[in-house]
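**Q** Dropping a structure here in structure tokens format, bear with me for questions.
Residue numbers (the working numbering): 237 to 302.
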């Protein structure tokens, strides 16, 4: 899988805003050449109230641990 791209989806149960995070999780940094935050996935109820937020990141050029 070395060099491949991946999506990383991270639950944010105590979200304070609906924006995409500026920085990716620190635990991802050693494994990818570049990490791009994407728009979050928002789960809403029938009234449109956001119940859950999932942050989404695109990791480019996977670097497996040796």
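Backbone N, C-alpha and C define an ideal beta-carbon position, used for all residues, glycine too.
1. Residue 261: which of 277, 282 and 291 sits nearest, CA to CA?
2. Closest to residue 288 by C-alpha separation, out of 267, 241, 246 and 271, would be which residue?
3. Evaluate residue 295 with the Cβ neighbour count: other Cβ atoms within 10 Å of its Cβ, from every protein chain shown; 16 or more gives buried, anything less gives exposed.
4. Tell me which residues share the same chain as residue 272 and place their Cβ nearer than 6 Å to its Cβ, disregarding the 5 neighbours each side in the sequence.
5. To which residues does DSSP link residue 180 through a beta bridge?
**A** Let me spell this out:
1. The shortest C-alpha separation from residue 261 is found at 291.
2. Ranking 267, 241, 246 and 271 by Cα distance to residue 288 puts 246 first.
3. Classification for residue 295: buried.
4. Same-chain partners within the cutoff: 294.
5. The first residue shown for the chain is 237 and the last is 302, placing residue 180 beyond what the model contains.
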